[in-house]
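Numbering (the numbering used here), first residue to last: 19 to 143.
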């Protein structure tokens, strides 16, 4: 979705080109894009120069929108059956805080943050 957001306003983007840019399986991307298309976040364009485009601007699509479509409801743990009211309340607060961050972070925000950041990570084993 961030790749499509970067190219918002341009011609449609093929899944093959996204897969190549991010070293992902095209088949995997096809599985991800289907529910996003069904939910109306992306639209497909047929033809020789077809591909996918965001249905709305990157400023209007949140990380929460995308995650809920691909993963379901946002909840770090199942807490509804928690017997202890204090722990249940804590998990609700954590869930709500996570949802608030995701619902207030747009694809445009994510792309701006990644272009401003030059942090490269090095992992040592």
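For glycine and all other residues, C-beta sits at the position ideal for the given N, C-alpha and C.
Note down the Cα distance separating residue 79 from residue 66, rounded to an integer number of angstroms. Taking the chain shown and counting its residues from 1, one reaches residue 79 at position 61. Taking the chain shown and counting its residues from 1, one reaches residue 66 at position 48. Taking the straight line from one Cα to the other gives about 27 Å.
Output the boundary residues of the beta strand (DSSP E) element that contains residue 29. Translated into positions along the chain shown, residue 29 becomes position 11. Per DSSP, residue 29 belongs to no beta strand (DSSP E) and is neither H nor E.
Since residue 61 is in the beta strand (DSSP E), which residue starts that stretch and which ends it? For the purposes of this step, residue 61 is taken as the residue at position 43 of the chain shown. Element bounds for residue 61: 60-63.
I need the straight-line Cα distance from residue 124 to residue 112, nearest angstrom please. Walking along the chain shown from the start, residue 124 turns up at place 106. Walking along the chain shown from the start, residue 112 turns up at place 94. Going by the C-alpha atoms only, they are around 20 Å apart.
Do you know offhand how far residue 1's Cα is from residue 103's? Residue numbering for the chain in the displayed model covers 19 to 143; residue 1 lies beyond these limits and cannot be assessed.
Decide if residue 83 is buried, meaning its Cβ has at least 16 other Cβ atoms within 10 Å, or exposed. In the chain shown, the residue the question calls residue 83 occupies position 65. Residue 83 comes out buried.
Residue 126 beta carbon less than 9 Å from that of residue 4: Because residue 4 is not part of the residues shown, which for the chain are 19 to 143, the question remains open.
C-alpha distance - residue 87 paired with residue 54, whole-angstrom precision: Against the chain shown, residue 87 aligns to sequence position 69. Against the chain shown, residue 54 aligns to sequence position 36. Those two C-alpha atoms are separated by around 7 Å.
For residue 89, which of 109, 63, 108, 57 has the nearest alpha-carbon? As a first step, residue 89 must be located in the chain shown, where it is residue number 71. Minimum Cα distance to residue 89 is reached at 57.
Under 9 Å between the Cβ atoms of residue 69 and residue 35? By one-based count along the chain shown, residue 69 stands at place 51. By one-based count along the chain shown, residue 35 stands at place 17. Yes, the Cβ-Cβ distance between residue 69 and residue 35 is below 9 Å.
What would DSSP say about residue 69, mapped onto helix, strand or coil? Here the question's residue 69 lines up with position 51 in the chain shown. DSSP places residue 69 in strand when its eight states are reduced to three.
So is residue 128 buried or exposed if we call it buried at 16+ other beta carbons inside 10 Å? In the chain shown, the residue the question calls residue 128 occupies position 110. That one is buried.
Please report whether the beta-carbon of residue 97 lies at a distance below 9 Å from any beta-carbon of chain C. Of the protein chains in the structure, only one exists, and it is not chain C.
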